[in-house]
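Just so we're aligned, residue -12 is where the sequence shown starts under my numbering, counting upward by one.
Ideal Cβ positions, reconstructed from N, Cα and C, are used throughout, including at glycine.
Being a predicted model, the structure only gives us computed values, none of them experimental.
One structure below.
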Amino acid sequence: AILISSTTELFNFFFLAFSGGGFLYLASTELMPELLKQKDLKKSLTQALIFMVGIILIITLVMILPHE
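Structure representation (structure tokens):
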């Protein structure tokens, strides 16, 4: 039971890391170029900035909140 529990936790760790990396890859390769194609430079830069702030917020929360 202990072996299965530790294996499941390890699998969850890698699965979540892979999923998060996939999300960031898709967001950066699909969404960012579309945002930067817009004619309105101010709106485009604002959206890109908000995207970056979101990533920084997630990283900050991971560092601040307790987790195992």
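By alpha-carbon positions, which one of the options ends up nearest to residue i?
| i | options | result |
| --- | --- | --- |
| residue 12 | 49, 50, 33, 38 | 38 |
| residue 42 | 5, 0, 14, -4 | 14 |
| residue 45 | -1, 7, 28, 29 | 7 |
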